[in-house]
Amino acid sequence: MSDNVECPKCGHANPLSAYFCVNCHAILIRRCPNCWHEQRQGMVCEKCGTNFALAAELAFEKSQKEEARVERDKMVAEALTFSQIVALPFTSVAGVVRGLLLRVVAGLLSR
Ligand SMILES: [Zn+2]
Ligand SMILES: [Zn+2]
158 MSDNVECPKC GHANPLSAYF CVNCHAILIR RCPNCWHEQR QGMVCEKCGT NFALAAELAF
218 EKSQKEEARV ERDKMVAEAL TFSQIVALPF TSVAGVVRGL LLRVVAGLLS R
């Protein structure tokens, strides 16, 4: 046994501590997203059985959804602020409140 780990992609000898191949940057150590167990081979965690590809897919989907939600909330908040600023000099407070209510209702309907 040597002190090096051979890259499965290009065959380059990397130090044992390397997470990525220094030559082609292929992943040498896979870390389980569930239990943080580190292993050199396989797509399934040796410890807890988590499927790495599936876990990555789920994490990606989740981040996509959260991003979309944050974006939407931000847009709604901006629209509300904008409508208030535009409406204030011309209408009464009651008018602003009515405008806000209309926007909330419209938001609920478009969901
Ligand atoms: Zn390599
Ligand atoms: Zn695991």
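Start counting the sequence shown at 158; every next residue gets the next number (my numbering). Glycine included, C-beta positions come from ideal geometry on N, C-alpha and C.
In the three-state scheme derived from DSSP, where H, G and I count as helix and E and B as strand, alanine 234 is classed as helix. Residue environment: leucine 215 is assigned as exposed (fewer than 16 neighbouring CB atoms within 10 Å of its CB, all protein chains considered).
Under a 10 Å Cβ-count criterion, leucine 173 is classified as exposed, with fewer than 16 other Cβ atoms of the shown protein chains found around its own Cβ. Taking every protein chain shown into account, the CB of leucine 185 has 16 or more other CB atoms within 10 angstroms, so this residue is buried. If you draw a straight line from the Cα of alanine 225 to the Cα of alanine 170, it is about 43 Å long.
Non-local beta-carbon contacts of threonine 207 in its own chain, meaning distances under 6 Å to residues more than five positions away in sequence, involve Cys189 and Asn191 in chain order. DSSP, reduced to helix, strand and coil, places glutamine 221 within a helical segment of the structure shown.
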